[in-house]
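Taking it in order: structure first as structure tokens, then the write-up.
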Amino acid sequence: MAVFGTLYGAAARHVLGVPLTLLSSVLVYSGALQFAMVAMLGAGAATLPLLLIAGVLNLRHLVLGAALRSRFESGPLRRAALAFFLVDETFGFAVAAGTAVEPAAVGRTTERTLLVAGLHLYVAWLVGTLVGVLGGGLTAVEGVAGAIFPVLFIGLASLAATRRSHVVRAVAAAALTAAVAVWLPGLRMLAPVIAGVLVALPGREP
Amino acid sequence: MSALTLVTIALITYASRAAAVVLLPRPSARFETVLSRIPVAIFASLATATLLGAGGALPAPPVLGAAAGALLASPARSLLPVLIGGAIGYAAGLFF
Numbered sequence: 131m132a133v134f135g136t137l138y139g140a141a142a143r144h145v146l147g148v149p150l151t152l153l154s155s156v157l158v159y160s161g162a163l164q165f166a167m168v169a170m171l172g173a174g175a176a177t178l179p180l181l182l183i184a185g186v187l188n189l190r191h192l193v194l195g196a197a198l199r200s201r202f203e204s205g206p207l208r209r210a211a212l213a214f215f216l217v218d219e220t221f222g223f224a225v226a227a228g229t230a231v232e233p234a235a236v237g238r239t240t241e242r243t244l245l246v247a248g249l250h251l252y253v254a255w256l257v258g259t260l261v262g263v264l265g266g267g268l269t270a271v272e273g274v275a276g277a278i279f280p281v282l283f284i285g286l287a288s289l290a291a292t293r294r295s296h297v298v299r300a301v302a303a304a305a306l307t308a309a310v311a312v313w314l315p316g317l318r319m320l321a322p323v324i325a326g327v328l329v330a331l332p333g334r335e336p
Numbered sequence: 239m240s241a242l243t244l245v246t247i248a249l250i251t252y253a254s255r256a257a258a259v260v261l262l263p264r265p266s267a268r269f270e271t272v273l274s275r276i277p278v279a280i281f282a283s284l285a286t287a288t289l290l291g292a293g294g295a296l297p298a299p300p301v302l303g304a305a306a307g308a309l310l311a312s313p314a315r316s317l318l319p320v321l322i323g324g325a326i327g328y329a330a331g332l333f334f
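Now the structure itself:
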């Protein structure tokens, strides 16, 4: 997490400036969204595509949150506080920890794991961002900045592709985006949102 | 980007996390299935969008090599091999 925070800080400081780069990691705490945001801004995206990508990329939290909610025992205020730490990685840790204990301890263990893992990863993300923003000897990173985003998003796509049908949808989304880039360049930065939704809709299989 | 836009994005992000944990019922199975398909499509789409310039212009050979190396390593389904594949591809692209 700290390594990716460093990459983010190094890449984002040239696009967002130092204060907004740090603020983004403090407030948003979502690596995938923050990298997407910086990549889109770097390509000239305006506010609307940024808000749309935030809305659509964050939809997955509805599923993660719903899956965790049935395991939680505390009241709405504590759940609202814990929700800030709900990211893909902490979800995995919390579910795994809750599954490994007696039924009576599931709620307490799941909540504690989400909090502890969330705090650790949050601090690592912030420290990484700070190191990246401060330079951290990352002039080499700046030299390869153009390659960081495609590589990172290919990696994230490979992580998210848990089924063969996901790979097919990923290829279709990439083809659709390329077609938009060639024939409708003005809509290029809206293409990820449009392609993401269009490609996800058809079919009944998971 | 303005600070207001950033704060709005942060609020959207937090709201999406808190909505299901605090307020909403579990989504229907059909909706849940569609939601689960969105990230992979968006990430693939973002990879393409950041790779191609306006008009579909291809990037420099090292960037293209990095993407190819990352794609070759992607069946490992782990970020580290993909990053290493990308680095090797980038280095290979420097010779073209």
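Here the protein sequences line up with chains D and L, keeping their order. The opening position of the first sequence corresponds to residue 131 in our numbering, with each subsequent residue numbered one higher. The opening position of the second sequence corresponds to residue 239 in our numbering, with each subsequent residue numbered one higher. Quick reminder that beta carbons are idealized off the backbone N, C-alpha and C, glycines included. Since this is a predicted model, take the numbers as computed values, not measurements.
Put simply, the backbone Cα of L:V301 is about 6 Å away from that of L:Y328. Given a length threshold of 4 residues, each whole run of the alpha helix (DSSP H) inside the stretch 193 to 253 of chain D is given here in chain order: 206 to 213 and 218 to 229.
Residue environment: D:H191 is assigned as buried (16 or more neighbouring CB atoms within 10 Å of its CB, all protein chains considered). Within the model, the alpha-carbon separation for D:G237 versus L:L261 is close to 18 Å. Shown here, L:A285 sits in a helix according to DSSP, grouped into three states.
Residues of chain L with a Cβ closer than 9 Å to the Cβ of D:F221 do not exist, since the nearest Cβ in that chain sits about 10 Å away. Residue contact check for L:I276 against chain D: a CB pair falls below 8 Å.
In this structure, L:A287 places its C-beta atom within 8 Å of the C-beta atom of D:R318.
Within chain D, the residues whose beta carbon sits less than 8 Å from that of L:I250 are L181, A184, G185 and N188, listed in sequence order.
Straight across, the Cα-Cα distance linking L:A295 with D:A309 is about 12 Å.
Here DSSP, grouped into helix, strand and coil, assigns L:L296 to coil. For L:L332, the closest Cβ of chain D is not nearer than 8 Å.
Between the C-alpha atoms of L:G307 and D:V301 there is a straight-line separation of about 17 Å. The DSSP-derived three-state label of L:L290 is coil.
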